[in-house]
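Heads up: the sequence lines are chains A and B, in that order.
Here the first sequence stands for residues 1 to 199, where the numbers follow this note's numbering.
Here the second sequence stands for residues 200 to 398, where the numbers follow this note's numbering.
Glycine included, every Cβ here is placed at the ideal spot set by N, Cα and C.
Written out below as structure tokens is the structure these notes cover.
Number of protein chains: 2
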Amino acid sequence: MAGVRQFDEETVLAEALALFWRQGVAATSMPDLAAATGVQRGSLYNAYGDKEAIFLRAYDRYAAGLLDLCRASLEGDDAGRILARFFETIIANMTAGAPPRGCLTTKTAADGSLASATIQARLRDLLDGMTAAVAAALSRPAVRRQLTVDPAQAALVVVTFTRGIAVMERVYGDRRQLMRAAEGLIAGLVARPRKGRGA
Amino acid sequence: MAGVRQFDEETVLAEALALFWRQGVAATSMPDLAAATGVQRGSLYNAYGDKEAIFLRAYDRYAAGLLDLCRASLEGDDAGRILARFFETIIANMTAGAPPRGCLTTKTAADGSLASATIQARLRDLLDGMTAAVAAALSRPAVRRQLTVDPAQAALVVVTFTRGIAVMERVYGDRRQLMRAAEGLIAGLVARPRKGRGA
DNA sequence: AACATTCTTGACAATACCGTCAAACATGAC
DNA sequence: GTCATGTTTGACGGTATTGTCAAGAATGTT
Chain A
1 MAGVRQFDEE TVLAEALALF WRQGVAATSM PDLAAATGVQ RGSLYNAYGD KEAIFLRAYD
61 RYAAGLLDLC RASLEGDDAG RILARFFETI IANMTAGAPP RGCLTTKTAA DGSLASATIQ
121 ARLRDLLDGM TAAVAAALSR PAVRRQLTVD PAQAALVVVT FTRGIAVMER VYGDRRQLMR
181 AAEGLIAGLV ARPRKGRGA
Chain B
200 MAGVRQFDEE TVLAEALALF WRQGVAATSM PDLAAATGVQ RGSLYNAYGD KEAIFLRAYD
260 RYAAGLLDLC RASLEGDDAG RILARFFETI IANMTAGAPP RGCLTTKTAA DGSLASATIQ
320 ARLRDLLDGM TAAVAAALSR PAVRRQLTVD PAQAALVVVT FTRGIAVMER VYGDRRQLMR
380 AAEGLIAGLV ARPRKGRGA
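Here's what the structure looks like:
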């Protein structure tokens, strides 16, 4: 096969992701992407077709990475600790960067990009995956016993709450507030939030 | 005073609000507003200056109305009922319209309009007001006793959760899921969610 | 080394939005 | 009825984005 792609797709998608994350999908134009990636607009059109296609590729990587982080944070048998670590992960993800980038999924969900059913489906996929991961963790017998709500519903509550945290981050930009909110939710969901201090 | 405004400001702001709500602030242009309100673009510039000014005026009305609805829903002494009615109000607000418009505050928060500190401040004002209203309701002694978390923190959790519901509405568009999520949260925050059925 | 294939480049036309402004207009004040 | 005042109108120049395309460039194949 001759006529070979001159740019490194990994790099381009990473730069594109960074831009989408920072600016939001709707606010990012093809010229923006061209400038950020160093690839000419015409080449991007040729390689991917349109902005949505680029976004979908970038988002898939993002989603996979985030899901891995979430799953890793959900190990253990102490419900309070599991959830605290999970929310820490989520909050770290959305407060990273300067200024903080916020949560890509949430920004995308609210910025009109959902006119595309394909994008909506991808966002749903990530949230479904996240819900499943949380539900699995909360369903472990040792964990389940500590909950005030059954695991499936608790998982829905937790994932919904992560979305709320993402919005609050945008509006208040106060990391501590997010932690306090998460802590409050955990207190409600776990039977004995504070038995001692350490283990 | 001669040279008098030819359009009805109430009507114009109502139409503008409807458009912002449906399309999102960032996705709404001055020509869009002109078309929707029937007022020429030049007149809008003359009367208000720019899109942001129009949005702020429309949003203030929206915020005031929504806050009133929220406060009204928070009366009573049964924590579970109060919260259920509050979430019903919130969910009704964001699932109204065909297709549902979602939550204006949340859409605005995530669509890049927060580049404007003024807009961010207004969103914060509404959420502050909502948090205060919920905190006040949850602080009533009879209510407070039923909670698993102290009122101030519970209010933060509740308001954060409303933002999460708004995002979930965008992604899933499933009213029942929102109700189930809210119900789950209430179960966690209220000590005895189900003692009987009625009072 | 020559070729075929695919990518890249720069430019094009089409469309849309913004902010402004001068001229025309309508209205309340006198 | 006349005037002063603020509004409305339509148009202008400037800028930006989109999607396409023909010509040039690069590379694997033979």
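Asked, Found
"In terms of DSSP beta bridges, what is Glu147/A paired with?", "According to the sequence displayed, residue 147/A carries Leu and not Glu. DSSP output for Leu147/A lists Val190/A as bridge partner(s)."
"My output table needs one value for Arg101/A: the three-state DSSP class, helix, strand or coil.", "coil"
"For Arg140/A, name the three-state secondary structure that DSSP assigns.", "coil"
"Quick one: Cα of Gln222/B to Cα of Gly112/A, how far?", "7 angstroms"
"Could you tell me which chain B residues have their CB closer than 9 angstroms to the CB of Asp111/A, listed as they occur along the chain?", "Gly223, Ala225, Ala226, Lys306, Ala309, Asp310 and Gly311"
"Can you list, in chain order, the residues of its chain whose CB lies under 7 angstroms from that of Val224/B, leaving out five sequence neighbours each side?", "Phe254, Thr307, Asp310 and Ser312"
"Leu74/A and Ile82/A - do their beta-carbons sit closer together than 7 angstroms?", "yes"
"Is the beta carbon of Gly188/A sitting closer than 7 angstroms to the one on Val348/B?", "yes"
"Does DSSP classify Thr89/A as helix, strand or coil?", "helix"
"Among the candidates Pro340/B, Ile290/B and Thr304/B, whose CA atom is the shortest distance from the CA of Gly328/B?", "Thr304/B"
"Please determine if the region 6-20 of chain A and the region 28-39 of chain A are in contact, where contact requires at least 3 C-beta pairs separated by less than 8 angstroms.", "yes"
"For Leu66/A, report the span of its alpha helix (DSSP H) as first-last.", "Lys51 to Ser73"
"Once you ignore the five residues that flank Ala295/B on each side, which residues in its own chain have a CB closer than 6 angstroms to its CB?", "none"
"Checking 7 angstroms against the spacing of the C-beta atoms, do Thr89/A and Met367/B come in under that value?", "no"
"Assuming Arg122/A and Tyr371/B make a contact with CB atoms under 8 angstroms, what is their CB distance in whole Å?", "With 8 angstroms as the limit, Arg122/A and Tyr371/B do not qualify as a contact, their Cβ atoms being about 13 angstroms apart."
"Under 7 angstroms between the Cβ atoms of Ala152/A and Ala166/A?", "no"
"Measuring CB to CB, does Ala200/A end up less than 7 angstroms from Arg71/A?", "Because chain A here runs from 1 to 199, residue 200/A falls outside it and cannot be looked at."
"Quick one: what does DSSP say Ser228/B is sitting in, helix, strand or coil?", "coil"
"When DSSP labels each residue in this structure, what does Val39/A get in the three-state scheme?", "coil"
"So what's Val203/B in DSSP terms, helix, strand or just coil?", "coil"
"Checking 7 angstroms against the spacing of the C-beta atoms, do Leu337/B and Ala353/B come in under that value?", "yes"
"Say whether chain B places a C-beta atom closer than 7 angstroms to the C-beta of Met94/A.", "no"
"Taking the beta carbon of Arg344/B as the centre, do at least 16 other beta carbons fall within 10 Å, making it buried, or is it exposed?", "exposed"
"Could you tell me which chain A residues have their CB closer than 7 angstroms to the CB of Tyr371/B, listed as they occur along the chain?", "Arg124"
"Would you list, in chain order, the members of the region 340-352 of chain B that have their beta-carbon closer than 7 angstroms to a beta-carbon of chain A?", "Thr347, Val348 and Gln352"
"Please list, in chain order, all residues of the same chain as Gln177/A whose beta carbon is under 8 angstroms from its beta carbon, the five residues on each side excluded.", "Met168"
"How long is the line joining the alpha carbons of Ala252/B and Ala262/B, rounded to whole angstroms?", "15 angstroms"
"Leaving out the 5 sequence neighbours to the left and right, which residues in its chain are closer than 6 angstroms to Leu185/A when beta-carbon positions are compared?", "Phe161"
"Going by the beta-carbon positions, is the gap between Gly399/B and Arg379/B smaller than 7 angstroms?", "This structure gives no information on residue 399/B, because the portion of chain B shown stretches from 200 to 398."
"Mind checking whether Val143/A and Asp77/A have CB atoms under 7 angstroms apart?", "yes"
"Within its chain, find whatever has a CB closer than 7 angstroms to the CB of Arg240/B; leave out the 5 residues flanking it on each side and keep chain order.", "Met229, Pro230 and Ala233"
"Using the rule of at least 16 other Cβ atoms within 10 Å of the residue's Cβ for burial, across every protein chain shown, is Ala199/A buried or exposed?", "Confidence in Ala199/A is poor, its pLDDT being 42 and thus under 50, which makes the residue's placement unreliable; the coordinate value appears in the next sentence. Classification for Ala199/A: exposed."
"I think Phe286/B touches Ala257/B, with their Cβ atoms under 8 angstroms apart; what is that distance to the nearest whole Å?", "Not confirmed; about 25 angstroms, so no contact."
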